[in-house]
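Now the structure itself:
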């Protein structure tokens, strides 16, 4: 399993306009029309990067540009429909200033085509303006288990968590739920309250059971912007590996399987390699 991530400064998206226009030439007409419908340019740029990530992956693996093909399942999960000697399963996510792709291939990929059970989610650690943390958690209360609510808002007489740790725990819980349902290819069709992430013990349960055969990996990511503090993100990859995985969440600091570009580097490389 590997993760490719692209960071961008959302406040300076105008600087990417020339690369955005050139990058549009490297996607099919349907994708181009979809991207151009966004009202905000930042959404179009993130969408373009999300389209280019799997295309660049296939190109680097020797697939001719005119053979690149993508489809979606009936539930809307994208997958590679190009006939490959070695199949690839992938998933895309984006939030604020990060777009990321997780993929598996070869012996590392459980054989359940066409979309494969792999999902990724990444989120910025931030508390919405004018929100308190207890109020923020309350908004999502019906999608959290009682254990998760207690992890985030310890009942008396326990002391409240420091703000940064509380936010980190919430977003780890949420990104894991997102990644798992994206791996299933069901999105919001799977109730989030059925998924429980015991963050202090790094244990996952689905419907109160350890999800055998599933692997969960969490990671951290930073995005340096021109103005303002460095942005901190957490991410989770969920994938079915078909063995007797313990349901524990792995965390590897500075993982070798995480490759990070800034947006200018990525778009320039993708345009060059894809022939723009």
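Numbering (this note's numbering), first residue to last: 124 to 399. In this text, a Cβ means the ideal position worked out from N, Cα and C, and glycines have one as well. Model, not experiment: these values are computed from the prediction.
Sequence-distant residues of the same chain with beta carbon closer than 8 Å to residue i, five excluded per side
| i | result |
| --- | --- |
| residue 319 | 268, 270, 271, 327, 328, 329 and 331 |
| residue 343 | 355, 356, 357, 358 and 376 |
| residue 299 | 244, 318, 320, 327, 339, 341, 359, 361 and 372 |
| residue 198 | 308, 309, 310 and 312 |
Where residue i falls, given that 16 or more other Cβ within 10 Å makes a residue buried
| i | result |
| --- | --- |
| residue 149 | buried |
| residue 296 | buried |
| residue 340 | buried |
| residue 273 | exposed |
| residue 379 | exposed |
| residue 347 | exposed |
| residue 132 | buried |
| residue 203 | buried |
| residue 301 | buried |
| residue 262 | exposed |
| residue 404 | Past the edges of the chain, shown from 124 to 399, lies residue 404, and the structure says nothing about it. |
Contact set for residue i: own chain, Cβ-Cβ below 7 Å, skip 5 residues either direction
| i | result |
| --- | --- |
| residue 169 | 217 and 222 |
Residues bridged to residue i (per DSSP)
| i | result |
| --- | --- |
| residue 382 | 127 |
| residue 320 | 327 |
| residue 342 | 358 |
| residue 194 | 202 |
| residue 363 | 337 |
| residue 241 | 362 |
| residue 373 | 340 |
| residue 332 | 329 |
Start and end residues, beta strand (DSSP E) containing residue i
| i | result |
| --- | --- |
| residue 225 | 221–228 |
Of the listed residues the options, nearest to residue i (C-alpha basis)
| i | options | result |
| --- | --- | --- |
| residue 124 | 363, 277, 201 and 142 | 363 |
| residue 215 | 171, 339 and 191 | 171 |
| residue 394 | 176, 283, 165 and 195 | 176 |
| residue 287 | 250, 305 and 199 | 250 |
| residue 186 | 206, 200 and 242 | 206 |
| residue 229 | 242, 219, 236 and 211 | 211 |
| residue 309 | 351, 378, 200 and 254 | 200 |
| residue 277 | 262, 265 and 257 | 257 |
| residue 209 | 219, 227, 220 and 197 | 227 |
| residue 236 | 261, 383, 196 and 158 | 196 |
| residue 312 | 381, 266 and 388 | 266 |
| residue 398 | 213, 156, 134 and 189 | 189 |
| residue 151 | 142, 322, 174 and 352 | 174 |
| residue 323 | 289, 193 and 390 | 289 |
| residue 353 | 184, 178 and 247 | 247 |
Opening and closing residue of the alpha helix (DSSP H) in which residue i lies
| i | result |
| --- | --- |
| residue 177 | 164–183 |
| residue 216 | Element bounds for residue 216: not the alpha helix (DSSP H) but the beta strand (DSSP E), 211–218. |
| residue 248 | Premise fails: residue 248 is in no alpha helix (DSSP H) and is neither H nor E. |
| residue 260 | 256–262 |
| residue 286 | 286–307 |
| residue 275 | 269–275 |
Residues near residue i in its chain [Cβ-Cβ closer than 6 Å; skip 5 each side]
| i | result |
| --- | --- |
| residue 293 | 275 |
| residue 233 | 363, 364 and 365 |
| residue 167 | 158 and 161 |
| residue 305 | 214 and 242 |
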